[in-house]
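The structure appears below as structure tokens.
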Amino acid sequence: MTSIVKLEALSGVLDDGPLCYLLQVDDVYFLLDCGWDERFDMAYIEAVKRRIPKINAVLLSYGDIAHAGALPYLVAKCGLKCPVYATVPVCKMSAMFLYDWVQGHLSAEDFSHFNFDDIDQAMRYVQQVKYTQTILLKGDNGLQITPYPAGHMMGGAIWKITKMGDEEIVYAVDFNHKKERHLNGCTFDGIGRPNLLIMDSYNSMYNQARRKFRDEMLLTKLLNTVRNGGDVMLVIDTAGRMLELAHLLDQLWQNVDAGLMTYSLVMLSSVASSVVEYAKSLIEWMSDKIQKNFEVQRTNPFQFRHVQLCHNKNDLYRIRSPKVVLVSGLDMESGLSRELFLDWCANSKNTIIVSGRSGDRTLGTKLIRMAEAREANRPISNIIRLEVKRRVLLDGAELEAWIRKKKEEEQEAIRQRLEAARRSARLEYAVESDDSDDEDTLAAVCEAAATGANNYRKLGPNKNDFNKRNTKSSILWTYEPQQKSSFFKQNKRSFPMFPHHEHRIKMDAYGEMIRPEDYIVNDGIVPDIDAMSQEAPIQEEIADRSEAEPKPMSKPLERPTKCVTSKTKVEVLCRVEYIDFEGRSDGESIKKFLGQIKPKQLILVHGSPEATQHLSDYVKENDLVQGSVFTPCLGEVVDATIESHILQVVLNEQLMSSLVFQKVKDAELAWIDARVLRKIENNQIVFEPLVGEKLKALESEAAKAAEPVEKMEVDEEIDPEENAPVQRRVEENTAVEKLYLEMLPVSEIPPHQAVFVNDPKLSDMKHFFVAEGFQADFNCGVLYVNNSVSIRRNEAGKFHVEGCLSEDYYRIRDVVYNQFAIV
């Protein structure tokens with residue numbers, strides 16, 4: 001491979017953390033996924049932030065938190081502005097994942113990393129693509145990207161990066177080759193033998209049970225629980241595997257023999273309705289069977305008959321039990337899955353089924369270990385230590401302090417509005433315009449003053465205070481002598497008078513104009529201290545309204561609440577089960593896939609150290625990879641360049657203008673006689689010629705591919721213009737020294753033998769000679785032209801042209817020369 005290819009592991013190597021990798025292809029940088037998790041590791045974010053200025057594109061494989069969780073933060077807080085490429089379902093469902101994630105945190109704590117507006121801003125940078133659609137990146141780098149179906153989730157993509165149409169880099173993680181109920185399996189039809197394959201080792205040591213066995217186990221667990229009067233909590237993600245399980249259970253409920261129609265089936269998520277609506281409109285991204293049924297019978301699998309959609313716990317508790325609940329939040333660290341677990345874990349009749357693995361230290365993983373230990377009859381404690389976060393209403397001194405602060409803010413806002421209105425009115429009266437807008441401005445001022453008086457009577461404990469303030473400014477505030485210089489004399493005079501406004505109805509082409517502010521329902525009214533202290537039931541009413549009327553997709557209402565965190569021990573008395581519905585290829589399938597595709601080089605990411613080492617040893621023992629197998633550590637840069645002794649140099653304009661390019665197929669070649677120089681100082685342009693041993697030493701350094709480690713320091717210095725501290729970043733050894741080519745003088749250019757670049761066939765040459773009017777025949781591997789010149793190839797592949805010196809000989813030789821680029 002003639003390109004310089006490097007991969008830096010920013011997250012998701014030798015562990016099960018979020019996936020994020022920086023891929024360099026020559027001077028183009030790709031960010032492969034940008035996931036996050038509940039730990040919110042800011043060191044990882046800082047590592048990505050330092051590399052944002054040189055990132056050219058972001059490629060998203062899936063829309064879940066592990067692959068796209070950090071995208072809103074990188075866009076809103078770190079300044080990521082490059083294009084983000086994703087399929088249509090990944091773009092839509094990633095927003096649903098992020099909305100549900102943020103809402104789950106806001107319901108229990110003050111989540112400040114990003115908000116709903118940041119998610120919307122990040123989605124504007126996403127460029128939606130389709131499967132097998134080839135996208136040419138901007139610039140003259142010749143790079144193209146193409147997504148292929150990956151299974152696992154709707155819209156999941158395997159990305160192929162090609163340069164000049166033949167060099168392939170494939171990024172394939174978490175793919176699923178098996179066909180499912182609503183998805184096709186992954187496909188590698190458009191992928192040949194890649195020069196570099198980047199894939200995960202997450203399931204390399206895991207053997208998956210058959211789908212029929214898993215479905216029967218799920219049905220058995222559900223029936224045993226609901227028939228005993230218990231409820232089932234089925235933990236799943238928000239908008240990925242949720243669709244597969246919802247489709248499966250809706251079909252089971254339609255089966256009369258299963259006996260489940262008398263029980264309730266619920267999908268619990270703050271974005272459940274939006275997820276189902278998006279799924280209904282994305283039939284073309286689903287399996288062939290679903291598409292065929294939709295074309296023939298017009299049946300939509302996500303037009304559920306038995307699944308009820310709930311967006312909070314209040315909606316859930318209105319549905320009669322026993323019930324089966326699909327709840328979002330696979331790691332169970334926040335959101336509805338954690339809240340429902342705390343409510344249901346103490347009832348021995350209930351069952352909690354975890355459908356997939358998550359991080360090593362999450363509640364979901366703890367429950368999986370508990371389920372495996374109970375199934376194997378191993379002793380394990382039922383006590384789990386948890387950090388419980390809740391949002392509670394303020395009361396007592398905290399409530400009074402909050403109300404006092406709100407009053408001060410309201411008074412300050414009223415004062416600023418009145419002051420602004422007064423200044424505006426004074427300016428308009430000074431101009432003495434005859435336009436009717438002056439009356440509207442005066443009316444607005446009067447109305448603002450009246451509103452301020454009413455609000456002050458509500459908020460202020462002493463009403464006489466407002467009367468004193470109002471007496472000073474209610475009558476004469478409109479008249480203050482102002483000296484206005486003008487060339488022309490003015491006869492009009494202004495006298496102090498009581499403000500009076502005659503209300504005029506404004507009309508437009510459709511009738512009376514409507515003021516939207518007259519119809520706004522103010523839910524954020526500042527409560528009265530006396531009323532809040534005397535009537536305690538009001539707090540309960542506010543709590544009921546806040547839970548009964550949630551707005552998960554809008555800005556939450558400002559309520560007097562606080563976040564409380566406590567560490568407690570929870571006893572798990574309910575049944576806990578683990579049934580794998582992850583939808584990933586298992587270890588046996590991954591090994592067969594590697595044996596079929598046989599990449600030239602392989603990089604293994606996202607898997608435990610044991611699983612990564614196991615797959616690496618298997619590939620080496622069976623010679624499935626021609627080149628190297630890399631298992632990078634966190635922060636390590638892997639040089640996957642196949643060709644050795646490749647150096648990047650800078651060509652100046654003088655040298656470029658002197659080159660004579662020769663075309664050969666799709667490329668252009670030129671012979672360069674120049675001297676290699678190296679920039680050895682950062683501040684001054686000082687060059688050192690690289691010849692002989694120095695050039696060989698530099699080539700050996702490039703072959704080792706050891707990229708320097710960045711050392712970051714932060715100093716503060718004062719900007720003289722802004723008078724504010726500015727962070728200055730000091731980098732040591734942040735880049736490889738640049739190399740330059742200096743044009744040689746004509747006297748120093750050594751002679752060189754002509755180089756013929758091309759590899760034509762004699763059969764092709766025969767057609768060229770016939771097209772030029774010559775007579776050409778093959779005989780025993782020799783091409784005879786006009787019965788006077790013979791052309792043959794020796795063992796080394798060189799062409800021999802033999803014949804008598806004549807005019808035909810030179811014409812035939814010119815035709816042969818035209819098939820080569822001679823430099």
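Every letter in the sequence shown is one number past the one before it in the UniProt record's numbering, and letter 465, counting from 1, is 465.
Yeah, the Cβ is synthetic: ideal placement off N, Cα and C, and Gly gets one too.
Computed from a prediction, not measured in an experiment: that's the story for all the values here.
In terms of alpha-carbon separation, which member of the options lies closest to residue i?
i	options	result
valine 325	Ser589, Leu316, Ile791 and Tyr510	Leu316
lysine 389	Ala86, Glu109, Val75 and Asp777	Glu109
glutamate 577	Glu621, Asn350, Ile514 and Ser566	Asn350
valine 757	Lys798, Pro751 and Asn787	Lys798
tyrosine 171	Ser763, Leu342 and Ile161	Ile161
lysine 313	Asn300, Ser321 and Glu339	Glu339
phenylalanine 661	Ile672, Glu653 and His614	Ile672
glutamine 308	Glu375, Thr299 and Lys323	Lys323
leucine 106	Arg391, Asp215, Ala57 and Leu234	Arg391
cysteine 804	Gly587, Val785, Ile579 and Phe630	Val785
threonine 565	Asn652, Glu387 and Thr612	Glu387
aspartate 580	Gly192, Leu218, Trp159 and Glu748	Leu218
arginine 227	Asp215, Arg515 and Met261	Met261
Please confirm whether residue i and residue j have their CB atoms less than 7 Å apart.
i	j	result
serine 328	threonine 238	yes
alanine 670	leucine 659	yes
valine 90	leucine 60	yes
isoleucine 236	serine 334	no
histidine 800	leucine 19	no
alanine 9	glutamate 610	no
phenylalanine 778	valine 815	no
leucine 624	leucine 604	no
serine 3	lysine 163	yes
valine 25	valine 48	no
leucine 399	threonine 561	no
Can you list, in chain order, the residues of its chain whose CB lies under 8 Å from that of residue i, leaving out five sequence neighbours each side?
i	result
glutamate 512	Ile505 and Lys506
glutamine 133	Thr146 and Pro147
valine 102	Phe111, Phe114, Asn115, Phe116 and Ile119
asparagine 794	His800
proline 379	Ala373
tyrosine 131	Thr87, Pro147, Tyr148, Pro149 and Ala157
To which residues of the same chain is residue i closer than 6 Å at the C-beta, ignoring the five residues directly before and after it?
i	result
histidine 113	Tyr73
residue 912	Look at the range of the chain in this structure, 1 to 823, and you will see that residue 912 is not part of it.
leucine 23	Leu7, Phe30 and Leu32
glutamine 416	none
isoleucine 55	Tyr29, Leu31 and Cys82
leucine 367	Val354 and Val576
Quick one: using the 10 Å Cβ neighbour count with 16 as the cut-off for buried, is residue i buried or exposed?
i	result
tyrosine 263	buried
lysine 592	exposed
glutamine 208	buried
serine 201	buried
glycine 781	exposed
glutamate 582	buried
aspartate 715	Residue placement at aspartate 715 is poorly supported in this model, since its pLDDT is 36, which falls under 50; the coordinates still yield a value, given next. The residue in question, aspartate 715, is exposed, as its Cβ has fewer than 16 Cβ neighbours within 10 Å.
valine 266	buried
histidine 177	buried
alanine 150	buried
glycine 17	buried
Using a Cβ-Cβ cutoff of less than 7 Å, which residues in the same chain neighbour residue i once the five nearest sequence positions on both sides are dropped?
i	result
leucine 655	Ala674, Leu741 and Met743
lysine 221	Thr351, Ile353 and Glu577
lysine 468	Residue confidence for lysine 468 is low, a pLDDT of 41 falling below 50, so the modelled location carries little weight and cannot support an answer.
histidine 182	Leu243, Glu244, His247, Met286, Ser287, Ile290 and Pro301
threonine 365	Arg357, Ser358 and Gly359
proline 760	Gln819
Run through the DSSP bridge pairs and tell me what residue i is partnered with.
i	result
threonine 187	According to DSSP, which records beta bridges pairwise, threonine 187 is partnered with nothing at all.
lysine 569	Arg385
threonine 132	In DSSP, threonine 132 forms no bridge with anything.
methionine 199	Ala172 and Leu604
tryptophan 159	Pro147 and Tyr171
phenylalanine 799	Arg793
glutamate 636	Answer by DSSP bridge pairing: none, since glutamate 636 is not bridged.
isoleucine 380	Partner(s): none; isoleucine 380 has no beta bridge.
valine 235	Val327 and Val354
For the ligand MG, I want to know if residue i counts as a neighbour, meaning its beta carbon is within less than 6 Å of at least one of the ligand's heavy atoms.
i	result
histidine 182	Of ligands this structure carries none, so the ligand MG is not represented either.
For residue i and chain C, any beta-carbon pair shorter than 7 Å?
i	result
arginine 320	Structure shown: chain C not included; a single protein chain is present.
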